[in-house]
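Inspection log for the structure reproduced underneath, given as C-alpha cells.
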Amino acid sequence: MRGQYKFVLCPGDPDQLFDLVADPFELHNAADDPGHADVAARLRTDLEAQYDLTALEEEVLTSQARRRLVAQALQYGTARPWDFEPDPEQRYVRGDFWTALKFGQIREVAPKQQ
1 MRGQYKFVLC PGDPDQLFDL VADPFELHNA ADDPGHADVA ARLRTDLEAQ
51 YDLTALEEEV LTSQARRRLV AQALQYGTAR PWDFEPDPEQ RYVRGDFWTA
101 LKFGQIREVA PKQQ
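Using UniProt numbering, you'd call the opening residue of the sequence shown number 1 and step up by one each time.
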C-alpha cells in the first residue's frame with residue numbers, strides 16, 4: 001500500500017491495483033486502466049526493488065512442500081498436541097489440605113536418615 005493505492009503482485013496472476021479512496025471495497029482492478037498505468041508501474045518497480053521475488057517464490061514453494069509432507073504424514077499417524085497441559089485436577093490441592101493428606105491424596109515424605 002502506498003497512500004490511497006493498494007498494489008498486489010503475484011507471479012502467474014495479473015497485477016491488481018485498487019484506489020482505496022474511490023473503491024474502498026476493492027471491486028475494480030485499476031491495474032489495466034490507462035489513467036493508473038503510471039501508478040501501477042511505479043508500485044511494481046518499488047516492489048521489485050525491495051524484494052527478490054524469485055527467491056521469495058522459491059521459499060514459498062519449499063515451505064508449501066514441507067507443509068504438504070506433514071499433512072500427508074498426519075493422515076496416517078496420530079496427531080499429538082504440541083503444547084503439554086497437565087491435568088489441573090492433579091496439579092493443585094483443591095479444598096482442605098489436611099483432608100487431602102489424611103485420605104492419601106498427598107504422600108508424606110519420610111525425613112532423610114543421616
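Yeah, the Cβ is synthetic: ideal placement off N, Cα and C, and Gly gets one too.
Exercise for the section: Please report the residue range of the beta strand (DSSP E) in which GLN16 lies. Expected result: Here the beta strand (DSSP E) through GLN16 covers 16 to 19.
Practice task
Work out the CA separation of ASP15 and GLU85 for me, nearest whole Å.
Solution key: Roughly 46 Å separates the two Cα atoms.
Handout entry: Three-state secondary structure (DSSP) of LYS102
Key = Three-state DSSP puts LYS102 in a helix.
Practice task
Take the Cβ of PHE18 as the centre, count every other Cβ of all protein chains shown within 10 Å, and call the residue buried at 16 or more, exposed below.
Solution key: So PHE18 counts as buried.
Handout entry: Closest residue to LEU27 among VAL39, LYS6, ASP96, LEU43 (Cα-Cα distance)
Key = Closest option to LEU27, Cα to Cα, is LYS6.
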